[in-house]
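>
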Amino acid sequence: MDETPQNQTPPPFSNATPSAFTAAQLETAKSKKVAAGVLGILLGALGIHKFVLGYQLAGIIMLGVTIVGSVVTACLCLPGSGALVMAIIGIVEGITYLTKSDEEFCRTYIVNRREWF
311 MDETPQNQTP PPFSNATPSA FTAAQLETAK SKKVAAGVLG ILLGALGIHK
361 FVLGYQLAGI IMLGVTIVGS VVTACLCLPG SGALVMAIIG IVEGITYLTK
411 SDEEFCRTYI VNRREWF
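In this text, residue positions in the sequence shown follow our numbering: the first is 311, and each later residue adds one.
(1) Taking 6 Å as the limit between beta carbons, can you name the residues of its chain near PHE415, skipping five residues before and five after?
(2) Quick check: the stretch 398-408 against the stretch 378-385, are at least 3 beta-carbon pairs closer than 8 Å?
(3) DSSP three-state label for GLU403, please.
(4) By DSSP, does ARG424 sit in helix, in strand, or in coil?
(5) Would you call the CB atoms of GLU403 and GLY350 closer than 8 Å?
(6) Roughly how many whole angstroms lie between the Cα atoms of GLY364 and ALA345?
(7) Taking the alpha helix (DSSP H) that CYS385 falls in, what are its first and last residues?
(8) Taking the alpha carbon of LEU356 as the reference point, which residue from GLY374, THR418 and LEU367 has its own alpha carbon closest?
(9) How far does the alpha helix (DSSP H) with LYS410 in it reach, from first residue to last?
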C-alpha cells in the first residue's frame, strides 16, 4: 500500500516556461527568426513569414485578405486597404521577430506558438 504523507505541502506551482533551451531548439529558432523577419518585412502582405513559422491558418488568412482586397480594389476601383493592412502587419511582425533575442523568440513563437505580433 502506498503511504502518502498528509502533512506535506505540495511544491509551488509555476507556469513559467523553461529559461534554457537545447542547442537544436535555439539553432532552429535563430534560422526561422531571420527568415521570418526578412520575409515579414519584404513580403509581409502575402503571409509568407507565417508559413515559415508553421502557422498555416494565419498565413492563409493574410494571403486571402491580400488577394481578396486586391481583386475588390481592381474590380470596383475602390482604394485598397486589405493588402495595405496586411503589409503593415507583416512589417511590424518582421521587425518584432528580428528585435527579439533568440531565447525570447524561441519561447514566444516556437514553444508557445504565438501566431500574431
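Note that the Cβ used here is the ideal one computed from N, Cα and C, for glycine as well.
In brief:
(1) Counted from its first residue, the sequence shown places residue 415 at position 105. Excluding residues within five positions, the ones whose Cβ falls inside 6 Å are ALA339 and LYS343.
(2) no
(3) Here residue 403 is taken as the residue at index 93 of the sequence shown, counted from 1. GLU403 falls in the helix class under three-state DSSP.
(4) If you number the sequence shown from 1, residue 424 lands on position 114. Residue state, collapsed to three classes: coil.
(5) Along the sequence shown, read from residue 1 onward, the residue named residue 403 stands at position 93. Along the sequence shown, read from residue 1 onward, the residue named residue 350 stands at position 40. Closer than 8 Å, so yes.
(6) For the purposes of this step, residue 364 is taken as residue 54 along the sequence shown, with counting starting at 1. For the purposes of this step, residue 345 is taken as residue 35 along the sequence shown, with counting starting at 1. About 12 Å.
(7) As a first step, residue 385 is located in the sequence shown; it is residue number 75 there, counting from the start. Per DSSP, CYS385 belongs to the alpha helix (DSSP H) from 366-386.
(8) In the sequence shown, residue 356 corresponds to position 46, counting from 1. Nearest C-alpha to LEU356: GLY374.
(9) Within the sequence shown, residue 410 is the residue found at index 100, counting from 1. Here LYS410 belongs to no alpha helix (DSSP H), and DSSP marks it neither H nor E.
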